[in-house]
Amino acid sequence: MIYSVGTTYEGKNFNYLQDIVPHVDHIEISPDSIAIKRNGKIYINPESLRQLKWIESTTDVKILVHGVGLSIGSFDEYSPDYIMLLDELFTEIISVSWHSEHLAYTKVKGENLGTMLALPRTDEVIDMICKRIEIIQNRYQAPFLLENVISMLPPSECKYSEAGFLNKITGLTGCGLVLDVYNLECDQHNFKLDIDKFLEELNLSAVYEMHLAGGNTDSEFDFKMDIHSQLIETSTYDLAKRIIDTDRCAVKAITFEILEEFIESHGSTAIINELNKLNRFFNNHEPGTITN
Amino acid sequence: MSLEQLQTSLSALIKSRRISPQENDDYIAKIQSSDNLLLVKKIALWWRKTQIEQYCILTTNLLKEMGTFEIQLSNFFSAKEFSAFREEVGIQFLEYIISQNIDSLTQSVSEFELAIIKLKLGENVETSIAWEYEPYSVVRRLLQNSQNLQELNSGRYQVTVSFKNIEELFSVKVMN
Chain U
4 MIYSVGTTYE GKNFNYLQDI VPHVDHIEIS PDSIAIKRNG KIYINPESLR
54 QLKWIESTTD VKILVHGVGL SIGSFDEYSP DYIMLLDELF TEIISVSWHS
104 EHLAYTKVKG ENLGTMLALP RTDEVIDMIC KRIEIIQNRY QAPFLLENVI
154 SMLPPSECKY SEAGFLNKIT GLTGCGLVLD VYNLECDQHN FKLDIDKFLE
204 ELNLSAVYEM HLAGGNTDSE FDFKMDIHSQ LIETSTYDLA KRIIDTDRCA
254 VKAITFEILE EFIESHGSTA IINELNKLNR FFNNHEPGTI TN
Chain W
138 MSLEQLQTSL SALIKSRRIS PQENDDYIAK IQSSDNLLLV KKIALWWRKT
188 QIEQYCILTT NLLKEMGTFE IQLSNFFSAK EFSAFREEVG IQFLEYIISQ
238 NIDSLTQSVS EFELAIIKLK LGENVETSIA WEYEPYSVVR RLLQNSQNLQ
288 ELNSGRYQVT VSFKNIEELF SVKVMN
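If you read the sequences in order, they're chains U and W. Residue 95 in the numbering used here is what sits at position 92 of the first sequence, and the numbering runs on without skipping anything. Residue 147 in the numbering used here is what sits at position 10 of the second sequence, and the numbering runs on without skipping anything.
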């Protein structure tokens with residue numbers, strides 16, 4: 004099995020995009036990051052759109068879409084702005100392999116929280132999410148995936164386990180999963196998530212993509228944060244490898260997530276080295292060759 | 138507790154707003170007094186800070202120099218319905234700072250920066266802003282993030298930002 008290896012790109016630095024393109028099989032873009040909202044109208048930045056079309060027309064690199072702002076778990080509604088962005092993207096870019104979003108909420112009554120919160124694992128939420136997934140699946144041709152997010156707060160109601168909640172949603176809708184491996188490590192550190200138990204229970208045949216990232220730990224609260232600021236730690240590689248080596252696993256793509264704000268401090272060479280390392284590690288299957 | 142009650146209460150806590158008594162159950166009370174809530178607020182502020190610092194360099198450097206950036210950011214976060222989109226949240230922050238009428242220099246710098254940003258975004262901007270300090274040296278020092286703003290030369294100046302003068306971005310006139 005050869006995995007598609009790629010990274011995130013936020014549409015603002017064409018030189019950087021040209022640097023990394025030879026080293027990736029896919030680029031993951033976030034509609035929110037390349038959006039402009041002016042006078043109440045939201046649209047994709049024309050320059051970013053031009054760059055996506057450049058990828059589509061001049062390279063073999065696939066485009067994945069990964070949103071932040073859909074807020075699929077808001078009790079009132081998911082974001083109409085985000086849907087407008089998806090409409091534009093799917094009209095302009097025909098080769099989107101799939102699109103995904105976080106299983107979370109970022110807005111309440113239309114107001115931005117400024118952060119992303121996990122949902123209570125209840126039947127009420129499952130009903131709401133599944134109806135919304137069905138609408139999204141009917142609206143766009145490309146498959147839709149949901150991603151596990153980190154918990155920032157202790158859980159409220161928990162009828163389902165973390166994995167049971169994901170299994171129920173994927174089972175009822177047929178939607179896939181993006182499994183964020185670093186987020187699992189965060190939850191293990193912050194809330195004592197039993198990763199072995201989680202993986203044993205999770206329906207891994209629904210996982211089409213894995214996210215790998217590195218972050219920081221807040222020293223004041225000893226909290227491992229889901230801020231993609233660092234290169235990938237060896238522990239994250241090892242956990243991802245353990246998941247991929249499972250017979251049940253259906254992963255097709257591995258994405259290294261790094262925020263635009265931190266690319267300059269690492270330098271594009273370090274990002275390229277990380278991408279090449281991912282390729283060696285997952286596609287050549289040479290365990291023990293990774294050194295951080 | 139319904140999803141609506143839960144999300145509405147947590148939103149109020151994150152924004153440091155009062156929650157109604159009927160929304161206050163055991164779970165919300167637990168969160169209210171938890172380190173987790175402080176952490177969520179800290180991270181939410183960090184995201185806004187990261188976005189705004191990169192978008193409004195002049196105004197954020199000035200506020201930092203005055204030692205008020207963190208508190209203004211925190212007040213903005215609590216008071217204002219800010220956008221989820223990076224391009225928009227910087228503009229909202231500048232509009233918020235302008236609405237606060239902090240002092241003459243902050244007013245001049247924030248109005249100037251907003252006008253320049255809108256001009257670069259292709260808007261037909263046409264505005265004149267009064268400055269009580271020599272504008273070029275203020276802008277230069279803020280771009281270099283240098284200290285000693287108290288040593289600025291005072292005077293009366295008018296800075297014009299106009300789409301008719303897009304090549305130069307702005308012009309300065311000394312007022313008598």
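From the three backbone atoms N, C-alpha and C, an ideal C-beta is built for every residue, glycine too.
- Of all residues in the segment 161–179 of chain W, only Tyr164, Lys167, Ile168, Ser171, Asp172, Asn173, Leu174, Leu175, Leu176, Val177, Lys179 come within less than 8 angstroms of chain U when Cβ atoms are compared, listed by chain position.
- Of the residues Leu234/U, Asp35/U, Ile198/U, the one whose Cα lies closest to the Cα of Gly270/U is Leu234/U.
- For Asn282/W and Cys193/W, the gap between their C-alpha atoms comes out near 13 angstroms.
- With the rule of 3 Cβ pairs closer than 8 angstroms, the segment 74–91 of chain U counts as touching the segment 141–156 of chain W.
- Against chain W, a Cβ distance below 8 angstroms from Asn115/U picks out Glu218, Phe219, Ser220, Ala221.
- Residues of chain W whose Cβ lies closer than 8 angstroms to the Cβ of Met87/U do not exist, since the nearest Cβ in that chain is about 12 angstroms away.
- In this chain, Gln281/W is not harboured by any alpha helix (DSSP H), its DSSP state being neither H nor E.
- Taking 3 residues as the shortest admissible run, the segment 197–276 of chain U contains the following complete beta strand (DSSP E) segments, listed from N- to C-terminal end: 210–215, 256–259.
- Contact check for His231/U against Ala243/U fails: the beta carbons are separated by 7 angstroms or more.
- Residues of the segment 29–47 of chain U whose Cβ lies closer than 8 angstroms to any Cβ of chain W, in chain order: Asp35, Ser36, Ala38, Ile39, Lys40, Arg41, Ile45.
- Counting only residues of its own chain and dropping the five nearest sequence neighbours on each side, Glu190/W has a CB closer than 7 angstroms to the CB of Thr197.
- Counting along the chain, the unbroken alpha helix (DSSP H) around His192/U starts and ends at 184–194.
- The beta carbon of Val246/W lies closer than 6 angstroms to those of Leu195, Thr196, Leu199 in the same chain, with the five residues before and after it left out.
- Proximity of the segment 169–187 of chain U to the segment 205–214 of chain U meets the contact definition, three or more beta-carbon pairs being nearer than 8 angstroms.
- Under the Cβ criterion of 7 angstroms, Thr264/W is not counted among the residues facing chain U.
- Here Asn282/U has Val8 as same chain residues with Cβ atoms under 7 angstroms from its own Cβ, once five neighbours each way along the sequence are excluded.
- When the beta-carbon positions are compared, Glu260/U and Thr61/U stay at least 7 angstroms from each other.
- Gln209/W does not reach chain U, its nearest Cβ partner there being about 15 angstroms away, counting only Cβ pairs nearer than 9 angstroms.
- DSSP places Val64/U outside both helix and strand once states are collapsed to three, so it counts as coil.
- With a cutoff of 7 angstroms on beta-carbon distance, Leu20/U and Gln54/U are scored as near each other.
- Take the alpha-carbon of Asp35/U and the one of Ile228/W: they are about 16 angstroms apart.
- Proximity of Ser103/U to chain W, defined by a Cβ-Cβ separation below 7 angstroms, is not satisfied.
- In chain order, Ser77, Phe78, Asp79 place their CB closer than 8 angstroms to the CB of Val111/U, counting only its own chain and leaving out the 5 sequence neighbours on each side.
- Look at Ala252/W: its C-beta is not under 7 angstroms from any C-beta on chain U.
- Of all residues in the segment 210–224 of chain U, the ones placed with a Cβ closer than 7 angstroms to any Cβ belonging to chain W are Asp221, Phe224, in chain order.
- Closest in C-alpha terms to Thr239/U, from the list Glu277/U, Thr109/U, Ile37/U, Ser164/U, comes Glu277/U.
- For Ser299/W, the beta-bridge partners assigned by DSSP are Glu263/W.
- By the Cβ test, the segment 127–141 of chain U is not in contact with the segment 164–174 of chain W, since fewer than three Cβ pairs between them sit closer than 8 angstroms.
- One alpha carbon belongs to Val298/W, the other to Arg41/U, and they sit about 20 angstroms apart.
- Assigned with DSSP and collapsed to three states, Lys310/W falls in strand.
- For Val27/U, no beta strand (DSSP E) segment is defined, and its DSSP state is neither H nor E.
- Shown here, Asn173/W sits in a helix according to DSSP, grouped into three states.
- The three-state secondary structure of Tyr108/U, taken from DSSP, is strand.
- Secondary structure at Gly9/U: strand, using DSSP grouped into helix, strand and coil.
- Using a Cβ-Cβ cut-off of 8 angstroms, Glu127/U is close to Ser139, Leu140 of chain W, given in chain order.
- Three or more Cβ pairs closer than 8 angstroms define a contact, and the segment 250–267 of chain W meets that threshold against the segment 290–297 of chain W.
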